[in-house]
Amino acid sequence: MNNSKESPEIRFAVLIDGDNAQPSLVADVLKEVAKYGKITIRRVYGDWTSSQMETWKKHLPQNAVQPIQQFRNTVGKNATDSAMIIDAMDLLYGGNVEGFAIVSSDSDYTRLAIRLREDGKFVIGIGKMQTPEPFVRACDLFVYTENLVKPQAPASEAKATGRKKGKAAGSKKTAAGAQPPAEEAPPAKKADRTAEARSLLSQAFDMVVQDDGWATLSDLGKALRRLDPAFDSRTYGYSQLSKMIEAHQDLYEIEREAEKGPSQIYFRRREPH
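Take the sequence shown: its position 233, counted from the start at 1, is 267 in the numbering used here, and no numbers get skipped.
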């Protein structure tokens with residue numbers, strides 16, 4: 035079942051809107067993108083003469099990110115958006131990258147994401163949970179920055195609750211100030227999340243189930259991303275998709291097949307009693 039041929043690694047350009055992203059999460063953002071390929075270009079855009087960009091400066095050398103200067107030529111207009119879009123198109127036609135990571139919660143990048151995908155590029159969006167839906171849907175996958183924030187609660191408490199989301203990160207503007215502890219979701223919201231997770235799993239399973247009734251975890255993950263580019267097991271309190279499936283063993287039967295290398299995970303629906 036193993037394929038000896040490995041696909042070429044995707045080269046990524048990470049383009050960060052400095053006016054609309056969190057400096058303290060740069061390292062986490064880069065680590066997230068690195069899961070999908072090799073980062074060859076790292077840029078953050080903004081007016082570096084402005085005091086608002088001060089909190090970025092210590093994070094640039096630590097993460098080998100190149101600052102790109104864009105003066106605010108007109109009051110009320112976001113020049114950073116235009117500079118990022120122009121650079122992205124230059125990189126597109128340069129042909130040296132196969133993927134783009136657009137780090138912003140701004141819907142102004144919706145058309146850019148669509149255009150890049152039209153040319154066959156893989157587009158990752160990274161922003162807050164308040165990011166407008168059109169931008170989220172325009173990406174191949176979208177990662178919420180709240181899922182990159184490590185919970186501040188003690189380990190014992192985190193294990194007891196089973197899910198910590200750190201919602202306060204969505205309103206964090208700079209690296210300054212302490213991060214408030216993660217809050218446990220109210221029971222009603224937990225119930226909504228559980229129902230949503232079960233519905234998504236069911237839809238994705240129907241998309242990839244084989245004739246024998248089994249599906250692979252890897253195929254399920256791809257189907258979930260097609261259904262919802264922002265799907266992330268961490269949003270539902272699970273560090274991995276496999277753990278999310280295991281939490282729903284009342285619905286699915288799971289088997290692991292270990293040959294050479296990592297084990298393959300298979301699952302199928304349980305027959306109703």
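Cβ coordinates follow ideal geometry from the N, Cα and C atoms, glycine included.
In this text the structure is predicted, and so the values were computed from the model without any measurement.
When DSSP labels each residue in this structure, what does residue i get in the three-state scheme?
i: residue 210; result: The predicted model places residue 210 with a pLDDT of 37, which falls under 50 and marks its position as unreliable, so this point remains unresolved.
i: residue 133; result: strand
i: residue 183; result: coil
i: residue 120; result: helix
i: residue 220; result: Caution applies to residue 220, whose pLDDT of 49 falls short of 50 and renders its modelled position unreliable; the value that the coordinates give is listed next. Here residue 220 sits in coil by DSSP.
i: residue 156; result: strand
i: residue 205; result: Confidence is the limiting factor: at residue 205 the pLDDT is only 39, short of 50, which leaves the residue's position unreliable and the question unanswerable from this model.
Which residues does DSSP pair with residue i in a beta bridge?
i: residue 102; result: 79
i: residue 161; result: 178
i: residue 300; result: 250, 289
Over what stretch of residues does the beta strand (DSSP E) that includes residue i continue unbroken?
i: residue 260; result: Where residue 260 is concerned, there is no enclosing beta strand (DSSP E), although the alpha helix (DSSP H) it sits in stretches over 251-261.
i: residue 286; result: 286-291
i: residue 47; result: 45-51
Consider the C-beta atom of residue i and the heavy atoms of the ligand FMN; say whether any pair is separated by less than 8 Å.
i: residue 246; result: By its list of ligands, the structure shown contains no ligand whatsoever, and the ligand FMN lies outside what it can speak to.
Got a sec, what are the start and stop residues for the alpha helix (DSSP H) residue i sits in?
i: residue 96; result: 93-96
i: residue 172; result: 167-172
i: residue 60; result: 60-67
i: residue 144; result: 144-152
i: residue 276; result: 275-280
Is the beta carbon of residue i less than 9 Å from the beta carbon of residue j?
i: residue 175; j: residue 259; result: yes
i: residue 177; j: residue 264; result: yes
i: residue 76; j: residue 132; result: no
i: residue 249; j: residue 160; result: no
i: residue 49; j: residue 121; result: yes
i: residue 134; j: residue 105; result: no
i: residue 285; j: residue 227; result: no
i: residue 179; j: residue 162; result: yes
i: residue 137; j: residue 97; result: no
i: residue 234; j: residue 242; result: no
i: residue 74; j: residue 47; result: yes
i: residue 279; j: residue 290; result: no
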